[in-house]
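In the UniProt record's numbering, the protein residues as written are 1 to 114.
The beta-carbon is built from N, C-alpha and C at its ideal position, and this holds for glycine as well.
This report concerns only the one structure given below.
Listed below in structure tokens is the structure:
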């Protein structure tokens, strides 16, 4: 009986270790809707961040907590910081991922300059 219990506990621990954090996985799209004044001046809408897509390419520790705090509203993401290599700009620098000047890849409602 003890052996069955030990095997069961070991199996549960192994499954949890392989799947990672069940709360973080599969978050889907996250709307980043801060910096309203500067976004309006720039003519862009909020960012739709595809968290699930990023989960396919990186481990959680790549971004959390080094680049992003895991609390809604705790990150003051802005283009100035991004362009300095912080937040999204740590990867979206034209070397690891597409550069920051592709506004329509992240922002909604991008006004076209004519």
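Quick check on DSSP: helix, strand or coil for residue i?
{"i": "residue 63", "result": "helix"}
{"i": "residue 4", "result": "helix"}
{"i": "residue 104", "result": "helix"}
{"i": "residue 31", "result": "strand"}
Please work out which residues of its chain come closer than 6 Å, Cβ to Cβ, to residue i, disregarding the five sequence neighbours upstream and downstream, and give them in chain order.
{"i": "residue 81", "result": "87"}
{"i": "residue 33", "result": "46"}
Short of 7 Å in beta carbon distance, which residues of its chain neighbour residue i, apart from the five on each side in sequence? Order them along the chain.
{"i": "residue 97", "result": "91"}
{"i": "residue 69", "result": "75"}
By the 10 Å Cβ neighbour count, where 16 or more other Cβ atoms means buried, how is residue i classified, buried or exposed?
{"i": "residue 107", "result": "buried"}
{"i": "residue 43", "result": "exposed"}
{"i": "residue 89", "result": "buried"}
Under the assumption that residue i contacts residue j (Cβ atoms under 8 Å), give the Cβ distance between them as a whole number of angstroms.
{"i": "residue 28", "j": "residue 51", "result": "6 Å"}
{"i": "residue 35", "j": "residue 93", "result": "Not confirmed; about 20 Å, so no contact."}
{"i": "residue 31", "j": "residue 4", "result": "Not a contact, Cβ separation roughly 47 Å."}
{"i": "residue 95", "j": "residue 83", "result": "No, residue 95 and residue 83 are not in contact; Cβ-Cβ is about 14 Å, not under 8 Å."}
Excluding the five sequence neighbours on either side, which residues of its own chain have a C-beta within less than 8 Å of the C-beta of residue i, listed in chain order?
{"i": "residue 114", "result": "Its pLDDT being 44, under 50, residue 114 is placed unreliably in this model, and the value from its coordinates should be taken loosely. Answer for residue 114: no residue qualifies."}
{"i": "residue 110", "result": "43, 44, 45, 103 and 104"}
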